[in-house]
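Numbering (our numbering), first residue to last: 3 to 264.
Using N, Cα and C, we set each Cβ at its ideal position, and we do this for glycine too.
Note that the coordinates shown come from a computational prediction; the quantities given were computed from them, not determined experimentally.
Data first, discussion second: the structure below is written as C-alpha cells.
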DNA sequence: ATGGTTGCACGGCAA
C-alpha cells in the first residue's frame, strides 16, 4: 500500500498536478492539507475520475482543511478538534485495518515566543495536547500512521543551516523538543529517516518568497510520515517527490511517499 | 534589518 501526503495549498488549484502525481506515483491514498475549501465545494468528481472514490473531508473556507482520498473504503472516519478550536487540522480514517491520522499542525506565526505570539503558543499547546492524547493510546497496539504537514523541521539536516535557523519558527529548540515528545508518546518511527540517513539534507517545502526555489538549498523538511512500532517491519520504502515544486503553479510543499508491504 | 510571494467566495490575513 502506497500513501502520499501533500500540503496542496488549495486543492482546487492543484487538480491537474494531483493527476500528474497520481500517474507518476500511483498511490492508494492521498492525505492532503491546506485544502482551503468547504466540504460542499470539494472537487469530488476529479478524485473519482482518478479512482479515488472514498473521501474523508474536513474543510473550511480559505484556511486549513485536511482530506483523505482512497481507492479502497475508509472506515471509522473521525474528526479531532484541539485547543478549543474547530480548525480543520486532524482527520482520522481506518484503511485496511490501519488508523490513518492526517494532520496539519499550526504554523506558529513569525515570532518564536509564546508570550507575545498567540499563534506560537497555539502551536506548542496543540503539540502538547496531541502528545498526551497519543500517550494514552500507547498500550493499544493498534497499527497507526501519522502523516501530514507538522510544520517542524527537527534535524539539522532538515534545514539549510542549523544554527541561524534555531531562531526561526519551525526549527526552534522548544518545537524540536515537543516534536520529540510527540514521537515518543506512541513510539512513532519516522518512515523517511528510516530509509534516508540523518546526514542527508532533505526538504519538503520551499518558500514562495524566493526568486528561485532551487537556489542555495534553502528548503525545510516540514512534512512527515510516521508509523507506529508494529508497522515498522512492513515499511517498504519512503521518498520525497520534489519534482512538483517546479511545476506551475506550484504548492510550496511537495508530496512525501511511503510504501507498506502487505 | 527588511521584504520577498501566494491563496482565499475580494482583501486583510495566514503562511
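Does the separation of the CB atoms of residue i and residue j fall below 8 Å?
{"i": "residue 84", "j": "residue 131", "result": "yes"}
{"i": "residue 229", "j": "residue 191", "result": "yes"}
{"i": "residue 128", "j": "residue 171", "result": "no"}
{"i": "residue 241", "j": "residue 221", "result": "no"}
{"i": "residue 178", "j": "residue 198", "result": "no"}
{"i": "residue 103", "j": "residue 148", "result": "yes"}
{"i": "residue 225", "j": "residue 7", "result": "yes"}
{"i": "residue 72", "j": "residue 112", "result": "no"}
{"i": "residue 160", "j": "residue 223", "result": "yes"}
{"i": "residue 255", "j": "residue 207", "result": "yes"}
Could you tell me the alpha carbon to alpha carbon distance between residue i and residue j, rounded to whole angstroms?
{"i": "residue 14", "j": "residue 253", "result": "12 Å"}
{"i": "residue 48", "j": "residue 81", "result": "23 Å"}
{"i": "residue 196", "j": "residue 258", "result": "14 Å"}
{"i": "residue 247", "j": "residue 114", "result": "27 Å"}
{"i": "residue 106", "j": "residue 91", "result": "5 Å"}
When you compare each of the options to residue i by their alpha carbons, which one comes out closest?
{"i": "residue 218", "options": "203, 108, 232, 229", "result": "203"}
{"i": "residue 232", "options": "241, 47, 188", "result": "188"}
{"i": "residue 144", "options": "27, 100, 166, 155", "result": "100"}
{"i": "residue 1", "options": "53, 173, 32, 186", "result": "In the structure as shown, the chain starts at 3 and stops at 264, and residue 1 therefore has no counterpart that could be examined."}
{"i": "residue 278", "options": "152, 161, 183", "result": "Not covered by the structure: residue 278. The range shown for the chain is 3 to 264."}
Counting only the same chain and skipping the five closest in sequence on each side, list residues whose C-beta sits under 6 Å from that of residue i.
{"i": "residue 63", "result": "40"}
{"i": "residue 58", "result": "70, 76, 79, 93, 95"}
{"i": "residue 261", "result": "4, 238, 239"}
{"i": "residue 158", "result": "164"}
{"i": "residue 156", "result": "178, 181"}
{"i": "residue 234", "result": "191"}
So what's residue i in DSSP terms, helix, strand or just coil?
{"i": "residue 132", "result": "helix"}
{"i": "residue 184", "result": "helix"}
{"i": "residue 95", "result": "strand"}
{"i": "residue 62", "result": "coil"}
{"i": "residue 120", "result": "helix"}
{"i": "residue 242", "result": "strand"}
{"i": "residue 69", "result": "strand"}
{"i": "residue 44", "result": "coil"}
Starting from the C-beta of residue i, find all residues in its chain whose C-beta is less than 8 Å away, skip the five residues before and the five after it, and write them out in chain order.
{"i": "residue 251", "result": "15"}
{"i": "residue 44", "result": "13, 37, 57, 59, 61, 69"}
Is the closest heavy atom of the ligand GTP to the C-beta of residue i under 7 Å?
{"i": "residue 76", "result": "The ligand GTP is not among the ligands present in this structure, which contains no ligands whatsoever."}
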